[in-house]
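Step one of this worksheet: look at the structure below.
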Amino acid sequence: KMPARVRAVGAAGAHLRRAVSRRLVPYRELTTGLMGERYSGPPREQMDASQAAIYDEIARTRPRTGVRGPFRPWLVNPALADGAQRLGRVVRFETSLGARLTEVAILTVATHHASAVERRIHEEEARTVGVPDAIVAALRAGDAAPPFDVAGDTEEAVRLPAAPAVVRG
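Its first residue numbered 0, the sequence shown is counted upward by one per residue in this note's numbering.
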């Protein structure tokens, strides 16, 4: 017999996704027992030379977090892992936004999509680059008008408030 949670997901998936995104139902609670263990990619000692080279490059560029998240499974295909790592580096570090605006944008998107792991990682990053705790908390809460303190920076005065508005559409 199909578990009730599976039937519920099939019959009312949209409602459950909304409940999860509003944090009314924890995602882990919904999925416990429904999925097997998540594939974490090949162990470092079993990687071929190209996988190991990309693993080492990712580890070098991510000293705080290491090779975690989607990077490990992507290493099954070294070209995919390398391309994804390069794309992430460009999107995050090689834009005209600067570190504060980039982290505000990442936190805004993470909150919008209820991505707790991404939000947790980037809340720390945001604080490191000078995003005040009040703004981090407001973004976490999905506040439509976070208390941006721009201290006379005209560019941030325009761009910071725009990030939540752009994501919400």
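Glycine included, each C-beta is placed from N, C-alpha and C at the ideal position.
Nonlocal neighbours in the same chain, by C-beta distance under 8 Å from residue i, ignoring five residues either side
i, result
"GLY118", "Residue 118 is actually Arg in this sequence, not Gly. Closer than 8 Å at the Cβ level, and outside the excluded window around ARG118, lie LEU106, ALA109, THR110, ARG139."
"TYR38", "PRO72"
"VAL135", "LEU106, GLU122, ALA125, ARG126"
"ASP178", "For residue 178 there is no data in the structure shown, the boundaries of the chain being 0 and 168."
"GLY68", "VAL116"
"THR64", "ILE120"
"ASP81", "ILE53, GLU56"
Residue range of the unbroken alpha helix (DSSP H) whose run includes residue i
i, result
"HIS112", "Taken as a continuous stretch (DSSP letters only), HIS112 belongs to no alpha helix (DSSP H), as it is neither H nor E."
"ASP55", "48-60"
"ALA140", "That residue, ALA140, is in no alpha helix (DSSP H); it is neither H nor E in DSSP."
Residue j beta carbon less than 8 Å from that of residue i
i, j, result
"THR60", "ARG88", "yes"
"GLN50", "PRO77", "yes"
"ALA98", "VAL128", "yes"
"MET79", "PRO41", "Here residue 79 turns out to be Leu, not Met, going by the sequence shown. Their beta carbons are not under 8 Å apart, which means LEU79 does not touch PRO41 by this criterion."
"VAL130", "VAL90", "no"
Close-in-space but distant-in-sequence residues of the same chain around residue i (CB under 7 Å, 5 per side omitted)
i, result
"ALA161", "none"
"ALA52", "none"
"TYR54", "ARG43, MET46, VAL66, LEU74"
"GLY141", "THR110"
Closer than 7 Å: residue i CB and nearest the ligand GTP heavy atom
i, result
"ASN76", "Judged by which ligands are present, the structure shown has none, so any question about the ligand GTP falls away."
Assigned exposure category for residue i - 16 Cβ within 10 Å defines buried
i, result
"GLU93", "exposed"
"ALA137", "buried"
"LEU86", "exposed"
Same chain, Cβ closer than 6 Å to residue i, five either side skipped, listed in chain order
i, result
"ILE57", "VAL66, PHE70, GLN84"
"PRO2", "Only weak support is given to the placement of PRO2: the predicted model assigns it a pLDDT of 44, under 50, and the question is left unresolved by the model."
"LEU29", "Note that LEU29 scores a pLDDT of 49, beneath 50, so its modelled location is shaky; the value from the coordinates is reported in the next line. Same-chain partners within the cutoff: there are none."
"VAL166", "THR107, VAL108, HIS111"
"SER95", "none"
"SER114", "none"
At what residue ranges does the region 65-103 contain a whole run of the beta strand (DSSP E), taking only runs of 3 or more?
none
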